[in-house]
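> For reference, the structure I am asking about is given below.
2 protein chains.
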Amino acid sequence: MEQVRSLSQLIEEARKLCSEKGRKRISVAMAEDAGLISAIEEARKLGLVDATLVGNSEKVKACIEEAGANETDYHIIAEDNEAKCGIVAVTEVSAGRADIYMKGQLHTDNFLRGMLNKEVGLRVGKNAISHCYFHSIPGYDRVIFIADGAFNMYPDLKMKKDIVQNTVNFARSLGVDTPKVACLCAVEMVNPDMPCTLDATALVQMYKRGQLKNCIVDGPLALDNAIDEEAARIKHIKSDVAGRADILIVPQIEVGNALAKSISFFAKGSETAGLIVGAAAPVVLTSRADSPRAKLLSIAGAVMLAHHQG
Amino acid sequence: MEQVRSLSQLIEEARKLCSEKGRKRISVAMAEDAGLISAIEEARKLGLVDATLVGNSEKVKACIEEAGANETDYHIIAEDNEAKCGIVAVTEVSAGRADIYMKGQLHTDNFLRGMLNKEVGLRVGKNAISHCYFHSIPGYDRVIFIADGAFNMYPDLKMKKDIVQNTVNFARSLGVDTPKVACLCAVEMVNPDMPCTLDATALVQMYKRGQLKNCIVDGPLALDNAIDEEAARIKHIKSDVAGRADILIVPQIEVGNALAKSISFFAKGSETAGLIVGAAAPVVLTSRADSPRAKLLSIAGAVMLAHHQG
């Protein structure tokens, strides 16, 4: 497949892939939100997904109608209890009847409890599950992936290693064959007084020893020399990543969160979506504040990853 | 004076202020850089500054010529030793013969040693000196200030308090009478597992007790609800700051650095400058990679602050 270089192209590539290999099925926990169902309906009409909607069946049906969709196009599983909605919806995925686990109206805690449940949840061994923001930005010829700006707060080196690999695997599902990974810090020099520069060196060495696969890792890098070739040149940084990073691994949640939101709000013409990766199946956790377009883009990303994960 | 709402307007307001109250004098340590002198020459022609250039007099004169400037317009102090250039230049400021301390070609360490020197440096008591990025961003009706993304790496609460007040004082010099200060985190809820949300609450309470002056402080806030009124509304945040922040106080250097560089690189049409504040005089520390325009904007900011500090 072609490398997805923008989020508009993402929709197109997801359509192509699904027309060849078939749709993926989303399982939605507490699907009692007409806005969410509208986004799913759009993805369904584009041929990306079918959906299983778990929730109070009266409310789910009312939301389907409000979204202008047709109830016969959906599989509804009646479940009135909020916490159980998460368990029922995630079981559809772990039992192989659906491919993507998605949050509806239940509280995030209940949704994540489903994801992490030891019997029916989606953890793979001890691998850390992580969040990935992904963006298209005018002037940049590639999708920029940022992790982790939303899920893991203060990852240690072990978790950062998993975050890198999770994000690389997702980028590869979008056709970025060998993603360039920048370990983002405030500086490009190793500074013993700045712990994230030391984690960056360890991640680089893990990559060189083959402990991180299908990617190129370099760091520490600051944002300018990670994403701008001219900035990297001025600083005389010799690197296969500097200036051309696809993936920015941030030291902690405050960095990734501010960076992703900065792109979303300050970079006119940009598009932003997010996905939880590193689980047995893609997990979509959008917020009510997300636009319908952002929800659709997150679903499209999940569909690509679901195809990639097999 | 009018509130400066963009960095273009900053130049205009600095011109007005200097035509009323006179120019400010910059003292440049190791002024052996034609690019830097070009920026100073432009500020000089605009009526903002006069300059004292400390360095090897042959080299300084060659740079003046290369910059297309006239050596009779400058006061040159001959000093061949790099470390002494910092001491001599900062002494010009602390002795009252200049108003702004600026870095030339000497290493940053030597420049800062001048700034922090106990006899002739610019520290005011135990007040932390801090860096402030300031930006104009298309679509925003005000200058956005970010601190500290370049100088203090991992400030504790005591230092954060100084950083807030330093940045507020600088914003006020640009006519923002009562700056709205957001303590930036990844979330808007107080979370005992996220230390920066606790520092944010302490800063809010310091403000309420009058320990932070001439500003309004709120936090924790995430970037979206700090700067976007609609995002703040969706989250039902009641706050005089949310959605309308002028100043973003970041928890640590990686956050501010990535955020400022994100604006600079991703927000088309934005402008970015930086300044060191909280010392007895404004301190300009630009990098060779900065554009001539960025250098001029930093000088203009320093001139405004120098007038404000008296």
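Chains A and B, in that order, are what the protein sequence lines are.
Everything in the first sequence is counted per our numbering, starting at 1 for the first residue and increasing by one.
Everything in the second sequence is counted per our numbering, starting at 1001 for the first residue and increasing by one.
Idealized CB from N, CA, C, for every residue including glycine.
For the segment 1298-1308 of chain B against the segment 1264-1275 of chain B, are there 3 or more C-beta pairs whose distance is under 8 Å?
yes
> Give the straight-line distance between the Cα atoms of S1019 of chain B and G1047 of chain B, rounded to the nearest whole angstrom.
Going by the C-alpha atoms only, they are around 7 Å apart.
> Taking the Cβ atom as the reference point for each residue, do V190 of chain A and I249 of chain A lie within a distance shorter than 8 Å?
no
> Can you tell me which residues form a DSSP beta bridge with Y133 of chain A?
Beta-bridge analysis with DSSP links Y133 of chain A to A:I146, A:G274.
> Using only the alpha-carbon positions, how far apart do D199 of chain A and V181 of chain A sit?
14 Å
> Considering only their Cβ atoms, is the gap separating K1261 of chain B from L223 of chain A smaller than 8 Å?
yes
> Measure the alpha-carbon distance for R1288 of chain B versus H1107 of chain B and round it to whole angstroms.
12 Å
> Just verifying my parser: in three-state terms, what is the DSSP assignment at K1180 of chain B?
strand
> What separation, rounded to the nearest whole angstrom, lies between the Cα atoms of C215 of chain A and A1029 of chain B?
44 Å
> Which residues of the segment 1248-1271 of chain B have a Cβ closer than 9 Å to any Cβ of chain C? Give them in chain order.
The question asks about chain C, but that chain is absent: this structure's protein chains are A and B.
> Determine the chain A residues that contact C1183 of chain B at a beta-carbon separation under 7 Å, and present them in chain order.
Chain A residues near C1183 of chain B: none, gap ~11 Å exceeds 7 Å.
> Looking only at its own chain, which residues have a Cβ that is under 8 Å from the Cβ of A306 of chain A, when we skip the five neighbours before and after it?
K24, D99, I100, A281, P282
> Given D162 of chain A, which residues of its chain have a CB within under 7 Å of its CB, disregarding the five upstream and five downstream residues?
N127, A128, S130, G278
> May I ask you to report which of helix, strand or coil DSSP gives Y1140 of chain B?
coil
> Can I1076 of chain B and V1120 of chain B be called in contact, C-beta distance under 8 Å?
Remark: C-beta atoms of I1076 of chain B and V1120 of chain B do not approach each other more closely than 8 Å.
> Less than 8 Å between the CB atoms is what I'm expecting for S27 of chain A and A69 of chain A, so what's the real figure, rounded?
The pair is not a contact, with the Cβ atoms about 17 Å apart (cut-off 8 Å).
> Looking only at C-alpha atoms, which of B:G1219, B:D1246, B:K1021 sits nearest to I1237 of chain B?
Comparing alpha-carbon positions, the option among B:G1219, B:D1246, B:K1021 lying closest to I1237 of chain B turns out to be B:G1219.
> From A:V4, A:Q105, A:E188, pick the residue whose C-alpha is nearest to that of S239 of chain A; which is it?
A:E188
> Do the CB positions of L7 of chain A and S136 of chain A come within less than 8 Å of each other?
yes
> Can you list the residues of chain A that P1292 of chain B reaches, using a CB-CB cut of under 7 Å?
None at all; the shortest Cβ gap to chain A is about 14 Å.
> Alpha carbons only, please: which of A:C63, A:E254, A:G243, A:G175 is nearest the one belonging to E13 of chain A?
Measuring from the Cα of E13 of chain A, the nearest candidate turns out to be A:G175.
> Compute the distance between the beta-carbons of E1041 of chain B and Q1105 of chain B, then report whether it is under 8 Å.
no
> Using the beta-carbon of each residue, which ones in chain A are nearer than 7 Å to C1196 of chain B?
E254
> Considering P1292 of chain B, what are the terminal residues of the beta strand (DSSP E) in which it resides?
Per DSSP, P1292 of chain B belongs to no beta strand (DSSP E); it is in the alpha helix (DSSP H), 1292-1309.
> Taking CB distances under 8 Å as the criterion, tell me whether D1156 of chain B reaches chain A.
Closer than 8 Å: no.
> By DSSP, does M194 of chain A sit in helix, in strand, or in coil?
coil
> Rounding to the nearest angstrom, what Cα-Cα distance links A1150 of chain B and K1208 of chain B in this structure?
Between A1150 of chain B and K1208 of chain B, the C-alpha separation is close to 28 Å.
> Just to check my reading of the structure: K268 of chain A and G1243 of chain B have Cβ atoms closer than 8 Å, yes? What is that Cβ distance to the nearest angstrom?
About 19 Å separates the two Cβ atoms, so there is no contact after all.
> Going by alpha carbons, who is nearest to L1184 of chain B out of B:Q1252, B:Q1211, B:D1177, B:L1122?
B:Q1252
> Can you list, in chain order, the stretches of the alpha helix (DSSP H) that have 4 or more residues and sit fully within the segment 1044-1073 of chain B?
For the segment 1044-1073 of chain B, the continuous alpha helix (DSSP H) assignments of 4+ residues that do not extend past its boundaries occur at 1057-1066, in sequence order.
> Between the beta-carbon of E92 of chain A and the beta-carbon of C85 of chain A, is there less than 8 Å?
no
> Which residue from B:A1043, B:D1193, B:R1015 puts its Cα closest to that of G254 of chain A?
With the sequence shown as reference, residue 254 of chain A is identified as Glu, and Gly is not the correct amino acid for it. If you compare the alpha carbons of B:A1043, B:D1193, B:R1015 with that of E254 of chain A, the shortest gap goes to B:D1193.
> If you drop the 5 nearest sequence neighbours on each side, which residues of the same chain put their C-beta closer than 7 Å to that of N117 of chain A?
The beta carbon of N117 of chain A sits closer than 7 Å to the beta carbons of I87, V90 from its chain, once the five residues preceding and following it are set aside; these are given in chain order.
> With distance defined between alpha-carbon atoms, name the residue in A:K59, A:F170, A:K103 nearest to A39 of chain A.
A:K103
> Tell me the DSSP bridge mates of R25 of chain A?
A:D50
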